[in-house]
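Engineer: Numbering that gives the first Met the number 0 applies: residue 0 is where the sequence shown begins, and numbers increase by one. C-beta atoms are modelled at their ideal positions from N, C-alpha and C, and glycine is treated no differently. Quantities reported herein were computed from a predicted structural model and do not represent experimental measurements. Starting off with a structure, shown below.
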Amino acid sequence: MLGDHAEQDVAFELCPIEGSQGTFKILQYSLLYADNHILAGSNPDSQWLVQAFDMLTKHYPITLGHRVQLPDKNIIVVSQDDRMKQRVYQHAENLSVAEFDEIKYHRNLWPPALDQLLSEKTANIDCLTSAVITRLKNGYLITLSVSHIVADAAGVAVLLHQWASLAKQLFPGGSNSHGNIMPKLPVDFDHSGYWKKLKSYPSNSHPYVDHVQGQDFGNLDDIQTKLASYYKTGTLEDKEALSMRVLCVSAADIANIAKQFNPASATSPLHGVQILYALLWQRYVMAALGVCSTARNYEAPTFLNLLHNTRSLVSSPDYVGNGVSTAYVSSTITEIIETPVIELAHKIKPFINSVTPGAAVHMAEAICDTESMFAVKAVYICSTAASHMTISNASRMPFYDIDFGLGKPEAVIWGSRPTEGMSSWLPNKDGGVVINFGIKDDIYNALKRDRGLNDFVSFVN
């Protein structure tokens, strides 16, 4: 018996990497599709999508769960409960795909009913998985919302691909309307061998861990309450609301960044995206400094947090759960301002798509401890002086290969709530990147005036 839940409920104790409790955050991705079958009158409804989603969630029971807190355990438990409300919602809007494509990054211009429905999905921290299928005049907007304790971005991509695989088999008029279920993948993967390997290295001190553990955040229960409130409402009482801004960098501009910043004599030139990490970090810190109304300590540390997909380090990389590790690049404000972009990029490079063993061990040990975990989050969310930046780069994930029977998507749209300094990178249709950035309005406006950045970046909203 789990509290007031029925005995037949199935409980899952979720343990992402090294036993972390996960997060309250909901990851939401929307894929925009044109459908010529609608115009031809051969596809009157979207039941094949609903049926495929039902098959998907039954295939992974944990996606049907919801969050419960056991009084005698300081862990998150997920319980399957057939009494929970429906998980897939159908909606309709009198917009064409082209009309929606024009406003896709301007959430304030979305139809109010759709905006409200999708906002509810990102605020519902109890329902671990839900979908919204929006019928447009000549296409669909297919949205999947998943709690981060079930999956990270790569895990959500796995779920989307498998949902699409099922839907394509069920697509009306398709070659196989009774396709076989795909092999079930693990909801999480045993990372014990990976962590055992890392722990063979010395647990060196790490500047970010030292910085966090040196802070006095007050009552940690209050911090947990603040964080839960933040993820549900998107705001904190003592902080101004953030906006989710969108920056687009075309494939051509990424190539131009590489050409302009790499020295002509470079034997191993950096990729434009690697340089873009440094360029955006530097300009963000400078913009935040420029709008700050209080005196700043120029020797204070600022951090670039790189979220890594560590699936390449385990033997079975395709699984639904979490495979994220974090690496923090430390610098002072003075160093950020004075260091040339290409030198800053070379400083960041060793941390990209790699896990520094000593730092990873020290960080893992800190995050496993409940107090340190909340303190880590507090630096990014509850600190009024934060000028740190996080990059979660999913721009190389094959979102544009996800085919529900409608062909390739016209656009992939990020819908999660903003966190200050957090940037989530997705692929653009032309091979560039779309950067979804949680940022204050005054800092964003300062970035737009920065000629060192806007030569390469389009500020969309």
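1. Report yes if the CB atom of I347 is closer than 8 Å to the CB atom of V328, and no otherwise.
2. Would the beta-carbon of A277 fall within 8 Å of that of A326?
3. State the DSSP-derived secondary structure class of L158, mapped to helix, strand or coil.
4. Count the other CB atoms, across all protein chains shown, that sit within 10 Å of the CB of R395; report buried if there are 16 or more and exposed otherwise.
5. Return yes when the Cβ of A51 is within less than 8 Å of the Cβ of L165, no when it is not.
6. Give a yes or no on whether the C-beta atoms belonging to L116 and V96 are separated by under 8 Å.
7. Within 10 Å of its beta-carbon, does K24 have 16 or more other beta-carbons around it, so buried, or fewer, so exposed?
8. How about V456 and V245: do their beta carbons lie closer than 8 Å?
9. Report the rounded CA-to-CA distance for V319 versus T62, giving the unit in angstroms.
10. Just the C-alpha distance for F260 and D449, rounded to the nearest angstrom, thanks.
11. Taking the Cβ atom as the reference point for each residue, do I390 and L305 lie within a distance shorter than 8 Å?
12. Taking P171 as the reference, which of R86, T133 and D44 has the closest Cα?
13. Look at T121 and S415 and say whether their C-beta atoms are less than 8 Å apart.
14. Pick out the complete alpha helix (DSSP H) segments inside the region 276-351, 4 residues or longer, and give them in chain order.
15. For R310, which residues in the same chain have their Cβ closer than 7 Å to its Cβ, ignoring the five residues on either side in sequence?
16. Rounded to whole angstroms, what's the CA-CA distance from I366 to H307? Just pull it up for me.
17. Apart from the five residues on each side of it in sequence, which residues of its chain come closer than 8 Å, Cβ to Cβ, to I102?
18. Would you kindly work out how many angstroms separate the C-alpha atoms of A445 and N296, rounded to a whole number?
19. Helix, strand or coil: how does DSSP classify P426 here?
20. In angstroms with no decimal places, state the Cα-to-Cα distance between V186 and L288.
21. Under the rule that 16 or more other beta-carbon atoms within 10 Å means buried, what is E409, buried or exposed?
22. Taking C-beta to C-beta, are P91 and R134 nearer than 8 Å?
23. Would you grab the beta carbon distance between A257 and D429 for me? Rounded to a whole angstrom, and I think it's under 8 Å.
24. Exposed or buried, which one is V459 when buried takes at least 16 other CB atoms within 10 Å?
25. Applying the 10 Å Cβ sphere with the 16-neighbour rule, what's the burial state of V290?
26. Between the alpha carbons of N438 and A263, how many angstroms are there, rounded?
27. Would you tell me roughly how many angstroms separate the C-alpha atoms of W413 and N453, rounded to the nearest one?
28. So, with DSSP's three-state summary, where would you put A150?
29. In its own chain, which residues sit with a C-beta less than 8 Å from the C-beta of Q7, not counting the 5 before and 5 after it?
30. Quick check: the Cα distance between D151 and L26, rounded to an integer number of angstroms?
31. What do you reckon, are the CB atoms on K167 and F403 nearer than 8 Å?
32. I'd like the list of long-range same chain contacts for K407, defined as Cβ closer than 6 Å, with 5 residues on each side in sequence excluded.
33. Going by beta carbon distance, what residues of the same chain come within less than 7 Å of H270, once the five residues before and after it are set aside?
34. Please list the terminal residues of the continuous beta strand (DSSP E) segment that includes F436.
35. Out of T266, R86 and N255, which has the shortest C-alpha to C-alpha gap to G431?
36. Hey, out of D53, F99 and N93, whose CA is closest to Y32's CA?
Structural biologist: In short:
1. yes
2. no
3. helix
4. exposed
5. yes
6. no
7. buried
8. no
9. 10 Å
10. Rounded to whole angstroms, the gap between the alpha carbons of F260 and D449 is 17 Å.
11. Yes, the Cβ-Cβ distance between I390 and L305 is below 8 Å.
12. With respect to the C-alpha of P171, the residue from R86, T133 and D44 having the closest C-alpha is D44.
13. With contacts defined as CB atoms closer than 8 Å, T121 and S415 qualify as a contacting pair.
14. 332-337 and 340-347
15. A153, P316 and G322
16. Because I366 carries a pLDDT of 48, less than 50, the predicted location of this residue cannot be relied on, and no value is offered for it.
17. L108 and W109
18. 20 Å
19. strand
20. 42 Å
21. buried
22. According to the sequence provided, residue 91 is Ala. The question's Pro does not apply to it. Cβ distance < 8 Å, so A91 and R134 count as in contact.
23. A257 to D429, Cβ: 16 Å. No contact.
24. exposed
25. Burial is judged here by how many other beta carbons sit within 10 angstroms of a residue's own beta carbon; V290 has fewer than 16 and is exposed.
26. One point to set straight first is that residue 438 is Ile, not Asn, in the sequence displayed. Whole-angstrom Cα-Cα distance: 35 Å.
27. 22 Å
28. coil
29. Only weak support exists for where Q7 lies, its pLDDT of 44 falling under 50; the value from the coordinates is given anyway. Nothing listed; no residue qualifies.
30. 8 Å
31. yes
32. Y399
33. A257
34. V432 to I438
35. Nearest option by C-alpha distance: N255.
36. The candidate whose alpha carbon is nearest that of Y32 is F99.
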